[in-house]
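Okay, structure first, notes after.
Protein chains in written order, with this note's numbering: chain A, 1 to 358; chain B, 1 to 358.
In structure tokens, the structure reads:
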């Protein structure tokens with residue numbers, strides 16, 4: 001077990017060694033540590049080696065220029081200047097929040113950015129301003145559209161954070177694919193098959209082979225086949241890709257520059273980074289804030305108190321498990337997986353920063 | 001086969017007999033006929049008896065007051081005054097479009113409304129203004145949240161229409177449940193089982209019994225069980241419910257006044273109708289319109305030209321099959337199902353309007 005404070009300090013040091021100013025190093029560490037606390041470790045410190053590698057390969061800069069290219073009262077297009085998403089995304093979300101203060105809502109599309117950690121981090125930033133937050137991003141092309149032989153879309157997450165009154169907020173933060181790549185990696189490392197209907201091989205046939213992503217296979221869309229609504233999952237993942245990348249002019253779908261060595265690079269010299277989309281809506285944009293908060297309290301209580309099926313304790317409100325995990329890990333500490341530990345030790349050597357044994 | 005013009009005229013007459021002014025009767029007929037043309041017959045003339053019944057039972061008025069209750073530069077809350085969704089929704093979408101003209105985007109939440117036909121109709125209204133259109137609505141509580149014994153959410157559709165340049169627009173219009181209630185009704189009327197994983201019985205056990213919705217059962221969320229991402233489907237359907245009903249103050253989730261006799265009415269006297277959510281975004285809100293259109297053309301062509309799996313001709317761009325159906329039915333005519341025909345004949349008798357034999 002490591003304390004939150006210890007890992008935060010270590011992570012901030014790594015970003016400082018990469019050349020980020022102290023404030024931005026702290027911001028980047030906060031995003032990764034929030035993922036650890038919220039038990040989304042696939043987007044936590046496990047990703048640090050990927051960020052270091054992007055920087056070592058000069059794919060990202062740590063002193064990017066943040067440029068507002070085009071705007072209306074409620075929207076803006078930002079060019080992230082090939083900076084880490086962890087630097088650009090917080091500024092873009094702040095811009096959406098500023099727009100919402102005067103226009104009621106604010107919407108910001110970003111290009112020339114890279115992986116930004118958990119989508120929910122930015123959506124939740126809106127909560128402290130009494131706003132609803134929305135985040136989307138595209139990613140490595142691993143998901144096969146309905147009837148496509150190959151992966152062409154990312155696991156493209158959506159996060160929506162909605163404040164309540166007395167109840168804690170509703171925070172949905174989910175990859176639009178049925179499972180994440182990280183989950184399939186875990187099945188593989190445990191020598192387990194992946195449940196039926198989630199993967200396809202290089203010919204588009206369903207498979208349970210957990211190594212298939214590294215061998216020409218792809219994730220299927222949420223829903224699976226057409227009889228089970230898989231074409232709706234395709235629509236959803238496509239919408240996130242278009243909002244994130246076509247709105248902004250970033251690389252879309254199969255042209256995203258991959259960060260995985262087993263995904264074919266179809267971008268060539270045409271690297272406009274990945275794209276994000278941020279939204280902020282004032283809770284008093286439609287009703288008074290008091291009416292809105294009372295309505296959300298009623299919604300949350302109605303679903304939380306629903307009659308559960310046998311063997312389940314309750315219906316889970318999106319955000320509840322992550323919030324409970326935050327409280328527990330902040331108190332009891334954070335256990336790191338073997339993979340995360342190996343990555344951190346390697347980075348500690350590279351940058352000559354001490355790293356305590358667990 | 002009936003011609004488009006004949007059925008349009010008949011439908012407009014029915015709405016006029018209900019007391020709608022000619023312009024609004026024409027608008028309402030246009031929405032239902034668009035569903036017929038687009039081969040979404042479950043939301044076409046098959047619904048006419050439901051609208052007549054809502055009117056006969058004094059659940060809706062045909063001369064509703066359309067009130068803007070609250071607004072910001074980019075948002076508005078509309079009270080539909082208990083009018084048919086077919087009357088209120090077009091006005092609300094127009095308001096979103098007007099807001100977008102000055103603020104870049106426009107977002108309108110509606111309460112005290114009722115079923116509005118196909119969500120895609122309104123989203124597509126934005127296209128002629130060089131805008132992206134977004135529509136959501138909640139509906140009869142038939143979908144069981146993850147781990148819930150009972151149906152608590154509607155099949156809550158989302159529609160997103162996005163203009164392109166030389167290519168036809170991208171139009172996704174889908175219930176967020178894996179199948180629609182109408183599809184299960186069709187399986188039942190044909191004496192067929194529903195594919196595994198889509199339905200649950202009154203105890204929450206999966207079933208293939210196509211009569212289960214009328215017997216205490218529920219639809220499952222998109223994805224199915226947790227291993228297949230069903231909790232993500234729950235998030236998605238919840239977001240549509242909150243945007244449509246909590247933003248607006250309409251009846252949400254299980255408190256929606258049902259239009260189906262086998263769904264328990266939990267609203268009691270507290271009937272604030274169902275809720276809708278409309279969005280319009282100028283295509284030049286993030287980039288220039290020319291850049292945006294070129295980007296969408298590239299997106300559409302990339303996916304349409306993707307390598308298909310064996311046995312499939314191509315990857316289908318959302319909106320393609322519906323657009324092809326429109327052209328065909330406008331030319332060849334529209335075949336009505338037995339259920340639609342029976343409903344129309346009954347209405348023809350009620351209102352003493354002639355109705356030709358097929």
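Ideal placement from N, C-alpha and C gives every residue a C-beta, glycine not left out.
Keep in mind the model is a prediction, meaning the values are calculated, not measured.
Within chain B, partners of residue 227 (chain A) - CB distance below 7 Å: Within 7 Å of the CB of residue 227 (chain A), the CB atoms of chain B belong to 195, in sequence order along the chain.
C-alpha distance - residue 175 (chain B) paired with residue 40 (chain A), whole-angstrom precision: Those two C-alpha atoms are separated by around 29 Å.
Per-residue contacts from residue 239 (chain B) into chain A (C-beta, under 7 Å): Residues of chain A passing the Cβ test: 160, 172.
Three-state class that DSSP yields for residue 217 (chain B) in the structure shown: Residue state, collapsed to three classes: coil.
Sequence-distant residues of the same chain with beta carbon closer than 6 Å to residue 149 (chain B), five excluded per side: 204, listed in sequence order.
Min CB distance residue 378 (chain B) to chain A below 8 Å: The question about residue 378 (chain B) has no answer, for chain B in this structure spans 1 to 358.
Contact residues within the region 105–137 of chain B, judged by C-beta distance below 7 Å to chain A: Cβ contacts with chain A: 105, 107, 109.
Where residue 316 (chain B) meets chain A, residues with beta-carbon distance less than 9 Å: Chain-ordered, the chain A residues with CB closer than 9 Å to the CB of residue 316 (chain B) read 145, 146, 147, 231, 234.
Stretch pair the region 154–161 of chain B + the region 107–125 of chain B: three plus CB contacts closer than 8 Å: These segments touch.
Close-in-space but distant-in-sequence residues of the same chain around residue 330 (chain B) (CB under 7 Å, 5 per side omitted): Closer than 7 Å at Cβ, skipping near neighbours: 4, 37.
Span separating the alpha-carbon of residue 269 (chain A) from that of residue 255 (chain A): About 11 Å.
Counted within 10 angstroms of its Cβ, other Cβ atoms place residue 217 (chain A) as buried (16 or more) or exposed: That one is buried.
Residue range of the unbroken alpha helix (DSSP H) whose run includes residue 13 (chain A): That run of the alpha helix (DSSP H) goes 4–17.
When B:316, B:315, B:305, B:283 are compared against residue 129 (chain B), the one with the closest alpha-carbon: Checking every option, the nearest Cα to that of residue 129 (chain B) belongs to B:283.
Own chain, CB closer than 6 Å to residue 90 (chain A), minus 5 neighbours either side, in chain order: Residues 27 of the same chain have their beta carbon placed closer than 6 Å to that of residue 90 (chain A), with the five preceding and five following residues left out of the count.
For residue 143 (chain A), three-class secondary structure by DSSP: Of the three classes helix, strand and coil, the one that applies to residue 143 (chain A) here is strand, per DSSP.
Residue range of the unbroken beta strand (DSSP E) whose run includes residue 133 (chain B): From DSSP, the beta strand (DSSP E) with residue 133 (chain B) extends over 131–137.
Check whether residue 167 (chain B) and residue 300 (chain B) have beta carbons under 8 Å apart: Yes, Cβ-Cβ distance for residue 167 (chain B) and residue 300 (chain B) is below 8 Å.
Pair within 8 Å by beta-carbon distance, residue 161 (chain B) and residue 127 (chain B): Residue 127 (chain B) is positioned such that its CB atom lies closer than 8 Å to that of residue 161 (chain B).
In DSSP terms, what residue 111 (chain A) is bridged to: When beta bridges are read from the DSSP output, residue 111 (chain A) appears opposite A:79.
Buried versus exposed call for residue 230 (chain A) [16 or more other C-beta atoms within 10 Å across all chains shown]: Counting Cβ neighbours within 10 Å, residue 230 (chain A) comes out buried, since at least 16 surround it.
Proximity below 8 Å, CB of residue 142 (chain A) to CB of residue 213 (chain A): Yes. Within cutoff.
Closest by C-alpha distance to residue 259 (chain A), when choosing among A:243, A:277, A:220, A:181: Looking at the Cα atoms, A:181 is the closest of the given residues.
N-terminal and C-terminal residue of the beta strand (DSSP E) that residue 90 (chain B) is part of: Residue 90 (chain B) -> not in any beta strand (DSSP E); alpha helix (DSSP H) instead, spanning 85–103.
Which of helix, strand or coil DSSP assigns to residue 177 (chain A): DSSP places residue 177 (chain A) in the coil class of the three-state scheme, outside both helix and strand.
C-beta neighbour in chain B for residue 359 (chain A), strict 8 Å: Since the first and last residues shown for chain A are 1 and 358, residue 359 (chain A) lies out of range.
Where residue 78 (chain A) falls, given that 16 or more other Cβ within 10 Å makes a residue buried: It is buried - the Cβ of residue 78 (chain A) has at least 16 other Cβ atoms within 10 Å.
Secondary structure of residue 364 (chain B), DSSP reduced to three states: As shown, chain B starts at 1 and ends at 358. That puts residue 364 (chain B) outside it, with no answer to give.
Touching by the beta-carbon criterion (3+ pairs, under 8 Å), the region 242–257 of chain A and the region 65–79 of chain B: Judged by Cβ distances under 8 Å, the region 242–257 of chain A makes no contact with the region 65–79 of chain B, as fewer than three pairs qualify.
Contacts that residue 198 (chain B) makes with chain A (C-beta to C-beta distance below 7 Å): 228, listed in chain order.
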